[in-house]
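Below is one structure, written out as structure tokens; the observations come after it.
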Ligand SMILES: O=C(O)CCC(=O)C(=O)O
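Residue numbers (the working numbering): 171 to 506.
See the structure below:
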């Protein structure tokens with residue numbers, strides 16, 4: 171029901187259905203605040219240095235930020251503006267787009283999977299399928315009027331960036347530059363446009379609880395003014411502070427599997443705050459459903475036997491959505 175959307179009301183208290191049990195709360199005072207996750211300047215002329223920095227970041231953090239990524243700052247500003255405007259639309263406009271069916275390829279929804287979960291998350295989100303664009307864009311919101319055009323342009327740019335990153339990640343694993351792009355096939359692309367309203371009791375709940383991404387690569391455009399993303403590193407939650415002009419990149423489960431466990435898909439979460447709304451736009455590159463996934467053959471040797479079995483993305487994705495977001499890592503179910 172569209173009444174469940176958080177962005178249509180102002181909240182003075184946190185309803186009990188959002189309150190986590192004591193042992194699962196974010197413990198915000200324990201979060202490491204000043205750490206920096208690796209930053210890679212993609213305009214650096216020393217290609218080998220870029221590849222090596224990306225490899226190090228994939229191994230140590232599973233996360234990195236990219237600067238000089240080629241997506242125009244003006245476009246990024248427009249994406250944030252149109253997104254903010256979208257979530258400010260009147261409730262009756264938003265109700266037309268609401269669905270809690272995870273199979274819907276375009277939906278405005280809330281939390282993660284309201285049909286299944288017992289505790290909800292302090293997030294509304296617009297889920298968009300983005301490839302091939304001309305197949306999906308007609309169903310996207312037509313209000314605000316420039317939403318479709320701005321978001322389509324961003325989708326194309328982010329896809330191109332993703333493929334450039336695939337090349338660098340392939341090379342960093344000692345594979346041909348085209349390996350990841352070719353192995354994962356004509357990939358799907360999805361987007362989660364996340365809106366986290368101010369929350370009267372951020373200690374009790376999450377925007378998104380700890381999870382790992384089931385896809386191959388995620389490129390996150392973060393609110394430049396309001397922090398909220400946290401990454402698990404060395405057993406501690408580390409706040410990712412928005413770096414001017416940067417996009418945040420993280421590996422999903424499929425690249426952990428392809429790297430035969432050398433690179434990491436990492437637990438991350440979004441927390442909320444009491445003063446300010448926060449936006450983020452996550453772009454997910456996803457393998458084709460029928461493609462065979464698992465460790466790259468070249469990375470399976472006598473010393474490094476296959477850590478994961480082969481499977482299709484269809485099998486993986488169904489398993490992922492049949493579970494709660496913060497359950498045990500889904501990839502564990504595919505170990506050899
Ligand atoms: O909003 C964020 O910072 C994180 C978003 C995220 O992890 C997701 O959409 O899967």
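Glycine residues also receive a C-beta, built at the ideal position from the N, C-alpha and C atoms.
The Cβ-Cβ distance between residue 456 and residue 305 does not fall below 7 angstroms. For residue 405 and residue 437, the gap between their C-alpha atoms comes out near 10 angstroms. Straight-line spacing of the CA atoms in residue 412 and residue 393 works out to 7 angstroms.
At least one heavy atom of ligand 1 lies closer than 6 angstroms to the C-beta of residue 440. A distance below 6 angstroms between beta-carbons, with the five flanking residues on each side excluded, links residue 408 to the following residues of its chain, in chain order: 202, 205 and 401. One Cα belongs to residue 349, the other to residue 429, and the distance between them is close to 11 angstroms.
Relative to the non-hydrogen atoms of ligand 1, the Cβ of residue 291 never comes closer than 6 angstroms to any of them.
The Cβ atoms of residue 446 and residue 398 lie no closer than 7 angstroms to each other.
Per the coordinates, the alpha-carbon of residue 293 lies some 7 angstroms from the alpha-carbon of residue 364. Residue 434 sits away from residue 380, with the two beta carbons spaced by 7 angstroms or more. Per DSSP, the beta-bridge partners of residue 456 are 358. Exposed is the label assigned to residue 480, since fewer than 16 other Cβ atoms lie within 10 Å of its Cβ. Assignment of residue 379 by DSSP, reduced to helix, strand and coil, places it in the strand class.
Here residue 323 carries a helix assignment [DSSP, helix/strand/coil]. The distance from the Cβ of residue 331 to that of residue 246 is about 12 angstroms, inconsistent with a contact at the 8 angstroms cut-off. Ranked by Cα distance from residue 290, the options 235, 334, 280 and 351 are led by 280. Per the DSSP secondary-structure output, residue 276 pairs in a beta bridge with 298. Residue burial annotation: residue 372 is buried, with at least 16 other C-beta atoms found within 10 angstroms of its C-beta.
Within 6 angstroms of the C-beta of residue 397 there is not a single heavy atom belonging to ligand 1. In this structure, DSSP gives residue 235 an extended state, which the three-state scheme calls strand.
No Cβ-Cβ contact shorter than 7 angstroms links residue 314 with residue 262. Here DSSP, grouped into helix, strand and coil, assigns residue 292 to coil. Within the chosen limit of 6 angstroms, ligand 1 reaches the beta carbon of residue 364 through at least one heavy atom. The alpha-carbon of residue 285 is positioned some 11 angstroms away from that of residue 491.
The three-state reading of DSSP puts residue 175 in coil, since its state is none of H, G, I, E or B.
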